[in-house]
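Enquirer:
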Amino acid sequence: DAGVIQSPRHEVTEMGQEVTLRCKPISGHNSLFWYRQTMMRGLELLIYFNNNVPIDDSGMPEDRFSAKMPNASFSTLKIQPSEPRDSAVYFCASSSTSGRHDTQYFGPGTRLTVL
Amino acid sequence: RKEVEQDPGPFNVPEGATVAFNCTYSNSASQSFFWYRQDCRKEPKLLMSVYSSGNEDGRFTAQLNRASQYISLLIRDSKLSDSATYLCVVNNPNTNAGKSTFGDGTTLTVKP
Chain R
179 DAGVIQSPRH EVTEMGQEVT LRCKPISGHN SLFWYRQTMM RGLELLIYFN NNVPIDDSGM
239 PEDRFSAKMP NASFSTLKIQ PSEPRDSAVY FCASSSTSGR HDTQYFGPGT RLTVL
Chain S
48 RKEVEQDPGP FNVPEGATVA FNCTYSNSAS QSFFWYRQDC RKEPKLLMSV YSSGNEDGRF
108 TAQLNRASQY ISLLIRDSKL SDSATYLCVV NNPNTNAGKS TFGDGTTLTV KP
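Have a look at this one:
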C-alpha cells in the first residue's frame, strides 16, 4: 500500500511568491490533516478535513494560508504571498475515523524555505 | 496549560539502559492514546497505541493511568537506533472527527 504522498519534497522560493503544497492521502482514509513543524514551535496542526469538509482551521496562521480538499484523494495547502517566517516542514497526514483508534499516518513532508 | 505535556529532555543514556518518558493530558474525556517516534528530518511514525490495561511490544512498554491522566513509555535495553524524538498523542474521537493532539516530544539520545 502506498502511504501518504506529498509533493514537492523540497521547495525554495522567494518572499512574495505563491507556494502550493500537495497531498494525496491513503486510499480509504476520510480524515486529512495539515501540520507545520519548526524547531521553535514544534508540530502545529493547521487545518483538518473530514470527508473533504474543513472541520477546524483555527490553526491556520493568517489569511495568507488557504487549504482545499476538492475530493477524497487530493488536498492542497497554499501560501500567498509567502514570507521567510513560513519556512518550515509541512506534513500532511491521514486517518480513518471508522475504527476505534484513529491512527494518523504522515507523509514525508515538504521542506519549505522562503528566502 | 498545554493539552498534552511532555518533558522535552534531552535524555542521554548509555546503550542497554532503561529509560522512561511520561506524558500528561488535560482533557479527561480523551479516549485514544499513542506514542509516535520521529527521527531527525523524518515524519512522525506510530510506535504503539496505549491501552487501558497497558501493552508491551518487545522492549517497549506503554501504560495509561486515567485517574492521574498520564501515559508512560518504558524502553528497556536501549539501542543506538532508539535515538529519536518520542511524541505523546491524545485523541478524543467523539468530539473531534479524528483530531489528535500531539505533545512537543521528548528527545532521546542513546550513546555507545
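Residue numbers (the numbering used here), protein chains in the order written: chain R, 179 to 293; chain S, 48 to 159. Ideal Cβ positions, reconstructed from N, Cα and C, are used throughout, including at glycine. Remember, predicted model here, so these are calculated numbers, not experimental data.
From the DSSP output, in three-state form, read off R/L293 for me.
Expert: Here residue 293 of chain R refers to the residue found at position 115 when the first sequence is read from its first residue. Here R/L293 sits in coil by DSSP.
Enquirer: What residues of chain R sit near S/F68, judged by a beta carbon separation below 7 Å?
Expert: The residue given as residue 68 of chain S occupies position 21 in the second sequence. Chain R residues near S/F68: none, gap ~16 Å exceeds 7 Å.
Enquirer: Name the residue from S/F107, S/E103, S/F58 and S/E52 whose alpha carbon lies nearest to the alpha carbon of S/D124.
Expert: Here residue 124 of chain S refers to the residue found at position 77 of the second sequence. Of the listed residues, the one whose Cα sits closest to S/D124 is S/F107.
Enquirer: State the Cα-Cα distance for the pair R/E222 and S/L155, rounded to the nearest angstrom.
Expert: Locating residue 222 of chain R in the first sequence gives position 44, counting from the first residue. Locating residue 155 of chain S in the second sequence gives position 108, counting from the first residue. Distance between the alpha carbons of R/E222 and S/L155: 21 Å.
Enquirer: Can you name the residues that DSSP bridges to R/S244?
Expert: Position 66 of the first sequence, counted from the first residue, corresponds to residue 244 of chain R. Answer is R/K256.
Enquirer: Three or more beta-carbon pairs under 8 Å between the segment 206–214 of chain R and the segment 68–78 of chain S, yes or no?
Expert: Result no; under three Cβ-Cβ pairs closer than 8 Å.
Enquirer: State the Cα-Cα distance for the pair R/Y198 and R/D241, rounded to the nearest angstrom.
Expert: Looking up residue 198 of chain R in the first sequence gives position 20. Looking up residue 241 of chain R in the first sequence gives position 63. Note that residue 198 of chain R corresponds to Thr in the displayed sequence, not to Tyr. Taking the straight line joining both Cα atoms gives about 15 Å.
Enquirer: Report yes or no: do three or more beta-carbon pairs, one from the segment 185–193 of chain R and one from the segment 255–268 of chain R, lie closer than 8 Å?
Expert: The answer is yes - the segment 255–268 of chain R touches the segment 185–193 of chain R, with three or more Cβ pairs under 8 Å.
Enquirer: Along chain R, in chain order, which residues have C-beta atoms closer than 7 Å to that of S/D151?
Expert: Along the second sequence, read from residue 1 onward, the residue named residue 151 of chain S stands at position 104. Result: G220.
Enquirer: Need the endpoints of the beta strand (DSSP E) that R/K202 sits in, please.
Expert: By one-based count along the first sequence, residue 202 of chain R stands at place 24. Segment V197 to K202, the beta strand (DSSP E) holding R/K202.
Enquirer: Identify, in the order they occur along the chain, each residue of the same chain with its Cβ nearer than 6 Å to the Cβ of R/K246, setting aside the five sequence neighbours on each side.
Expert: Reading the first sequence from its first residue, position 68 is the one you call residue 246 of chain R. T254, listed in sequence order.
Enquirer: To the nearest angstrom, how far is the alpha carbon of R/L210 from that of R/I225?
Expert: Within the first sequence, numbered from 1, the residue matching residue 210 of chain R stands at position 32. Within the first sequence, numbered from 1, the residue matching residue 225 of chain R stands at position 47. Approximately 8 Å, taken between the alpha carbons.
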